[in-house]
Amino acid sequence: MSDMLAGRDSLSIKRAVFLAEWAYYEGKLDYYIDFCNEIDRIKTIIRFLCGK
């Protein structure tokens, strides 16, 4: 997150939220498996429920 704030990396709210959760779970989350795939799964459900 410090690289994002210092301008050394692009800003990403998704990545920032992941980093906070990654720290909370003591580094036991995988960005793609545990985070990105879960967001995509939930997005699919919400789109289905909203009829889009």
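Mapped onto numbering that gives the first Met the number 0, the consecutive letters of the sequence shown carry residue numbers 0 to 51. The beta-carbon is built from N, C-alpha and C at its ideal position, and this holds for glycine as well. Note that the structure is predicted; figures quoted are calculated from it, not measured.
1) For a quick check, are the C-beta atoms of LEU28 and MET0 less than 7 Å apart?
2) To the nearest angstrom, report how far apart ALA22 and ILE32 are at their CA atoms.
3) Grab me the residues of ALA15's own chain with a C-beta within less than 7 Å of its C-beta, minus the 5 sequence neighbours each way, in chain order.
4) Which of the three DSSP states, helix, strand or coil, is assigned to LYS51?
Here's the rundown:
1) Here the question's residue 28 lines up with position 29 in the sequence shown. Here the question's residue 0 lines up with position 1 in the sequence shown. Not closer than 7 Å, so no.
2) For the purposes of this step, residue 22 is taken as the residue at position 23 of the sequence shown. For the purposes of this step, residue 32 is taken as the residue at position 33 of the sequence shown. Distance between the alpha carbons of ALA22 and ILE32: 16 Å.
3) Taking the first residue of the sequence shown as position 1, residue 15 is located at position 16. The answer, listed in chain order, is MET0 and MET3.
4) Counted from its first residue, the sequence shown places residue 51 at position 52. Residue state, collapsed to three classes: coil.
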